[in-house]
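What follows is one structure encoded as structure tokens, with my remarks underneath.
Right, here's the structure in full:
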């Protein structure tokens with residue numbers, strides 16, 4: 001499913017190109033979810049770049065799923081700094097079983113290098129993972145190695161940080177400076 005497109009944030013490695021943020025209504029999403037469930041689908045993935053940008057809308061989607069009585073399981077992607085205990089409770093109650101977080105690295109210098117303007121620290125990452133697990137939701141950590149200027153020791157630190165998060169899943173990717181991103185222009 002895709003309930004929104006675009007992203008207003010300015011991560012230097014991202015190729016979404018600040019395309020503006022556009023959403024579908026919660027009611028429209030419920031119609032699609034209901035149709036899929038009626039067709040026998042019971043496991044969904046919201047492929048939104050970051051579905052939690054408008055938390056109020058996500059709360060509304062959760063509320064509609066809960067009130068409809070639809071039994072569905074789904075996973076989402078979110079930024080660390082957009083999660084709250086209240087949102088996690090609604091997500092869990094409505095069927096969310098996994099959140100994919102863009103962690104990238106646990107090295108403060110590299111967080112600032114690639115996550116321009118992101119209000120994230122290693123401590124806030126750990127807190128979001130802890131809150132998510134306490135809510136009964138699985139976690140996936142998207143990690144990045146090979147960030148320009150990253151030292152071998154920082155790469156090792158990122159791997160150790162990922163292990164310490166105790167994520168249910170981790171995906172390591174090589175940092176790729178896509179054309180027209182700020183990261184590629186820095187090189």
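In the numbering used here, the protein residues as written are 1 to 187.
Even for Gly, the Cβ is constructed at its ideal location relative to N, Cα and C.
Report buried or exposed for residue 67, applying the criterion of at least 16 other Cβ atoms within 10 angstroms of its Cβ.
Position 67 of the chain shown, counting from 1, holds the residue named residue 67. With fewer than 16 other Cβ atoms within 10 Å, it is exposed.
Does DSSP put residue 82 in a helix, in a strand, or in coil?
Here the question's residue 82 lines up with position 82 in the chain shown. It is helical.
Contact under 7 Å by Cβ, residue 73 with residue 95:
The sequence position of residue 73 within the chain shown is 73, counting from 1. The sequence position of residue 95 within the chain shown is 95, counting from 1. A contact, by the Cβ cut-off of 7 Å.
With distances taken from CA atoms, which of 134, 151, 156, 15 is nearest residue 87?
Counting from one through the chain shown, the residue named residue 87 turns up at place 87. Closest option to residue 87, Cα to Cα, is 134.
To the nearest angstrom, report how far apart residue 131 and residue 181 are at their CA atoms.
Here the question's residue 131 lines up with position 131 in the chain shown. Here the question's residue 181 lines up with position 181 in the chain shown. Distance between the alpha carbons of residue 131 and residue 181: 32 Å.
Between the beta-carbon of residue 147 and the beta-carbon of residue 114, is there less than 7 Å?
The residue given as residue 147 occupies position 147 in the chain shown. The residue given as residue 114 occupies position 114 in the chain shown. Against a cut-off of 7 Å, the Cβ pair of residue 114 and residue 147 comes out as a contact.
Cβ of residue 52 within 7 Å of Cβ of residue 78?
Indexing the chain shown from 1 puts residue 52 at position 52. Indexing the chain shown from 1 puts residue 78 at position 78. Cβ atoms of residue 52 and residue 78: closer than 7 Å.
Which residues in the same chain have their Cβ closer than 8 Å to the Cβ of residue 16, if we skip the five residues on either side of it in sequence?
Translated into the one-based positions of the chain shown, residue 16 becomes position 16. Excluding sequence neighbours, residue 16 sits near 6, 7, 49.
To the nearest angstrom, report how far apart residue 70 and residue 42 are at their CA atoms.
Looking up residue 70 in the chain shown gives position 70. Looking up residue 42 in the chain shown gives position 42. Taking the straight line joining both Cα atoms gives about 10 Å.
Contacts around residue 137, its chain only, beta-carbon distance under 8 Å, and the 5 residues preceding and following it disregarded
One-based indexing of the chain shown puts residue 137 at position 137. Cβ neighbours of residue 137 beyond the five flanking positions: 88, 91, 92, 96, 97, 98, 99.
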